[in-house]
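So the protein lines, in turn, are chains L, V, C and X.
Taking this note's numbering, the leading residue of the first sequence gets 1, the next gets one more, and so forth.
Taking this note's numbering, the leading residue of the second sequence gets 1001, the next gets one more, and so forth.
Taking this note's numbering, the leading residue of the third sequence gets 2001, the next gets one more, and so forth.
Taking this note's numbering, the leading residue of the fourth sequence gets 3001, the next gets one more, and so forth.
For glycine and all other residues, C-beta sits at the position ideal for the given N, C-alpha and C.
Below you'll find the structure, written out as structure tokens, and then a few comments.
4 protein chains.
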Amino acid sequence: MPPSDRFVAETSFYVRYAETDAMGIVHHSVYIVYFEEARSHYSRALGASYADFERSGYWLTVAEVQARYAVPARYGQQLIARSWIEDLKSRAIVFGYEIVDQTSGVVHVTGRSHHICITHEGHVARIPDSWANAMRRGLPQQ
Amino acid sequence: MPPSDRFVAETSFYVRYAETDAMGIVHHSVYIVYFEEARSHYSRALGASYADFERSGYWLTVAEVQARYAVPARYGQQLIARSWIEDLKSRAIVFGYEIVDQTSGVVHVTGRSHHICITHEGHVARIPDSWANAMRRGLPQQ
Amino acid sequence: MPPSDRFVAETSFYVRYAETDAMGIVHHSVYIVYFEEARSHYSRALGASYADFERSGYWLTVAEVQARYAVPARYGQQLIARSWIEDLKSRAIVFGYEIVDQTSGVVHVTGRSHHICITHEGHVARIPDSWANAMRRGLPQQ
Amino acid sequence: MPPSDRFVAETSFYVRYAETDAMGIVHHSVYIVYFEEARSHYSRALGASYADFERSGYWLTVAEVQARYAVPARYGQQLIARSWIEDLKSRAIVFGYEIVDQTSGVVHVTGRSHHICITHEGHVARIPDSWANAMRRGLPQQ
């Protein structure tokens, strides 16, 4: 369940046929891509483009991903991908995710990903202020 | 260029990070998936769900695909995928495609795909009337 | 680290260009596909085809996936995907994974996936004996 | 059919589950990735790594791709991807492809792709001699 004390970004899309597998359902690796797109949308929604973040010399590498599959989704369904920040440190971010059916609200998959900020040279780095401040706008304000 | 004498469906989406490659651009195979999603949207826009078409015992197999790459697209861009019917026969359909940037209108990729209607048992079949009629609504009316 | 008391399957392949992303590395979602192929190879190596398992009316659904990313892999590298069974129950299996560089042995990614056996009608079921026995051959013998 | 007067590279692999779709067959976009891997293997087989080519400051962009789908392939099949050079110009290459079943030899898909050599700055460029010479070794010798 997304937390109620912070910003939860939502983006909506149709399941593509190419995303299904021979079981007739969305392949489990595809939700990792949905998570990523949810994350992209999170920063977009707070006015901070991840593309700009990259162009400024940084990358948010993926250190860990976890997904729990509750109910399979199928071709043509309209899904909502929700994402929120679970934890924000000076050099790291944890995002949480929920993929639900737009019509019924059924929860298909939940997940979490851990990220570390690095420079394009590969050094661990502080998340630049401009971007960290944007992310912080999504967190509970003290 | 999409023809001006028939229905051209449009669907819009952001380029996902997973769709890029080490050249920093959308991988060329991904446009084939965009074409497919454009095709899905075409039938949706005419009130005929491809998911229902499948459930009624048919498949629209892909016999041929062609894509021309004009300008590379990048992560975060908002694209429009356009599709239209180039030819509709009793057992076959040809779709045309154009992938353009939503803001600038720059044409990134164009393409075409040939499809043949088969039953789930693998026999070539007439496209069922309900679906063919829906598709025909997108064609120039005599 | 793969356990030393049981069978560890190995399959080897080159990183494909399409599997890279704009960071110039293998996209993190792709390792989930490598895990799956490692799993496929595990049963192949024990003489039990997953394709046959499916044809006999069952599916091994994915209930959970976890991946830890240590070192990014790049286009053209030859990787080894290792997989082993961490736990085998009457209706469930847990697989462990390790993706390493074939030349240097560097560990790129480790992971784990939880699976539940269901019928094609969607009911949780005992893993059929023939397949369970084959899987058991990879476990420590009492 | 691959031409008999020149080098035809072959690489072999199993169809991955993630590559299938809800029709139970390999998704048509995946063959474009197989083509690419066949192309990678072509240069590897002639002792010229595409990764090195890229590192030397060039890219071989894709200008056009075409695929014809004859017979669908399925999960677990062992496929052979064949590739050869159809045409080699100072700034462009055309590759041909054939994807066949390793056991039966059945031809699943054939195709062709057109490539243009550019610098990392995006300018059309002569294919560097070292790489062009390697590619030429695969062509009929006058």
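Do residue i and residue j have their C-beta atoms within less than 9 Å of each other?
i        : j        : result
I1032(V) : I3032(X) : yes
P1128(V) : R1006(V) : no
S3043(X) : Y2014(C) : no
H1027(V) : T1020(V) : yes
G3076(X) : I3085(X) : no
H3114(X) : E3064(X) : yes
A3022(X) : A22(L)   : yes
L1046(V) : G1138(V) : yes
In its own chain, which residues sit with a C-beta less than 8 Å from the C-beta of residue i, not counting the 5 before and 5 after it?
i        : result
D2087(C) : I2093 and V2094
A2134(C) : S2043, L2046, G2047 and A2048
G57(L)   : T119 and H120
R1136(V) : L1088
L79(L)   : S12, F13, Y14, V15, Y34, A73, I99, V100, D101, Q102 and H108
Taking 8 Å as the line, does the beta carbon of residue i fall inside it for any heavy atom of the ligand GDP?
i       : result
R112(L) : This structure simply doesn't include the ligand GDP, nor any ligand for that matter.
Between residue i and the rest of its own chain, which residues show a CB-CB distance below 6 Å, the 5 nearest in sequence each way excluded?
i        : result
W1131(V) : A1048 and F1053
V2008(C) : P2002, R2082 and W2084
T103(L)  : none
Y1034(V) : A1081 and I1099
With a threshold of 7 Å on Cβ separation, who are the neighbours of residue i within its own chain once the five nearest residues in sequence on each side are excluded?
i        : result
Q1066(V) : G1111 and R1112
V3109(X) : Y3031, A3067, R3068, Y3069, A3070 and I3099
G2024(C) : R2074
V2106(C) : V2071 and V2100
Y2050(C) : S2040 and S2043
V62(L)   : S113 and H115
R55(L)   : none
Should residue i go down as buried or exposed, given a rule of 16 or more other Cβ atoms within 10 Å for buried?
i        : result
T1119(V) : exposed
P3(L)    : exposed
T2011(C) : buried
R91(L)   : exposed
R2016(C) : buried
Interface residues of chain X around residue i at Cβ under 8 Å?
i        : result
V1978(C) : Since the displayed chain C opens at 2001 and closes at 2142, residue 1978(C) lies outside it and no answer follows.
S29(L)   : A3018
R1068(V) : A3063 and E3064
Following the continuous beta strand (DSSP E) through residue i, name the residue where it begins and the one where it ends.
i        : result
E3086(X) : Q3078 to L3088
Y1014(V) : A1009 to Y1014
L2139(C) : Run containing L2139(C): none; DSSP gives neither H nor E here.
D2005(C) : Looking at the DSSP string, D2005(C) is not in any beta strand (DSSP E), and its letter there is neither H nor E.
Y2097(C) : A2092 to D2101
Y75(L)   : Taken as a continuous stretch (DSSP letters only), Y75(L) belongs to no beta strand (DSSP E), as it is neither H nor E.
E2064(C) : Y2058 to Y2069
H3115(X) : V3107 to T3119
Starting from residue i and walking both ways along the alpha helix (DSSP H), at which residues does that stretch end?
i        : result
R155(L)  : Within the shown structure, residues of chain L are numbered from 1 to 142, placing residue 155(L) beyond reach of any answer.
D1021(V) : Where D1021(V) is concerned, there is no enclosing alpha helix (DSSP H), given that its DSSP letter is neither H nor E.
Y2050(C) : Y2050 to R2055
R2136(C) : D2129 to R2136
Residues of chain X with CB under 7 Å from residue i, in chain order?
i        : result
D52(L)   : In chain order: nothing, as chain X lies at least about 21 Å away.
A2018(C) : V3033 and E3036
Interface residues of chain V around residue i at Cβ under 7 Å?
i        : result
Y3058(X) : Within chain V, no residue comes near Y3058(X); the closest Cβ sits about 11 Å away, beyond 7 Å.
Starting from residue i, find everything on chain X with Cβ-Cβ shorter than 9 Å and list it in chain order.
i        : result
S2040(C) : Y3014, R3016, Y3017, Y3075 and G3076
Chain V partners of residue i, CB-CB under 8 Å?
i        : result
V3071(X) : Ordered by position in chain V, no residue passes the 8 Å Cβ test against V3071(X), which lies about 10 Å from the chain.
Could you list which residues in chain L have their beta carbon closer than 7 Å to that of residue i, in chain order?
i        : result
S1177(V) : Any property of residue 1177(V) remains undetermined from this structure, which presents chain V solely from 1001 to 1142.
Give the residues of chain C in contact with residue i, contact being defined as C-beta atoms less than 8 Å apart.
i        : result
D1021(V) : Y2017, A2018, T2020, D2021 and A2022
Using a Cβ-Cβ cut-off of 9 Å, state whether residue i counts as contacting chain A.
i      : result
V62(L) : The displayed structure is made up of protein chains L, V, C and X, and chain A is not among them.
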